[in-house]
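So the structure is just underneath, and the comments pick up after that.
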Amino acid sequence: MDLSKIKTLIDFVGRSNINELTVTEKDVTVRIFQGQEAASGPRQKVGSTISLAQDAGSDTPSRPEKASYAVKAPVFGVLHRTPAPGEPPFVAIGDEVEEGQTLFIIEAMKVFNKIAAPRSGRITHLTEIDDGEVETGDLLAEIA
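Shown next, in the form of structure tokens:
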């Protein structure tokens, strides 16, 4: 597999809601993981899905950041808090959410990326932005 194909795959994963992509061509297998910034705690960087799973499953109450997870924008685009105009928002402050539940949609380059809850819990913070632009890494919500 040539470098240009690998770069294209990396760009695709970066722009999408996919967390992992595995492609095999002839004898070469490429696995691309998207960082879990959306699920990391405040001011806490997680390098891979494996690290995130270990942090989320830890019972050590050594850090106060463990009390809530920050949901950050994985891509630049227009944030939509509702599934369609005139409909109620996906979530509100105080709502209980399940892991994988859709919290927002970010429209980037005519692609609608669903932003899912990285874990179950209660929404303690939501951004004020609706139908406005967000940058990669902007805080969208916190789940306790």
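Position 87 of the sequence shown, counted from 1, bears residue number 87 in full-length UniProt numbering, the numbering being contiguous throughout. Even glycine gets a Cβ: it sits at the ideal position worked out from N, Cα and C.
Where do the N-terminal and C-terminal ends of the beta strand (DSSP E) with Phe90 fall, by residue? Where Phe90 is concerned, there is no enclosing beta strand (DSSP E), given that its DSSP letter is neither H nor E.
Quiz prompt | For Asp130 and Ile10, the rounded distance between their alpha carbons | solution = 29 Å
Problem set entry | Arg31 - DSSP class collapsed to helix/strand/coil | strand
*Measure the C-alpha to C-alpha separation of Gly86 and Ile105 and round it to an integer number of angstroms.*
15 Å
**Prompt:** So Phe90 packs on Leu103, CB below 8 Å; how close in whole Å?
**Reply:** 5 Å
Check your understanding: With burial defined as no fewer than 16 other Cβ atoms inside 10 Å of the residue's Cβ, what is the status of Leu140: buried or exposed?
Key -> buried
Item checked: Other residues of its chain near Lys5: CB distance less than 7 Å, five sequence neighbours each side excluded -> none
query: Near Met109, which residues of its chain fall below 6 Å by C-beta distance, leaving aside the five closest residues on each side in sequence?
result: none
- What residue range is occupied by the uninterrupted alpha helix (DSSP H) comprising Arg15? 3-15
Mapping the DSSP letters down to three states, classify Ala67 as helix, strand or coil.
helix
query = What three-state label does DSSP hand Arg122 in the structure shown?
reply = strand
Q: Please name the residue or residues paired with Asn113 in a DSSP beta bridge.
A: Ile106
Practice task
May I ask you to report which of helix, strand or coil DSSP gives Val75?
Solution key: coil
Beta strand (DSSP E) containing Gly132: first to last residue?
132-134
When the Cα of Glu99 is compared with those of Val71, Ile93, Gln34, Glu107, which residue comes out closest? Val71
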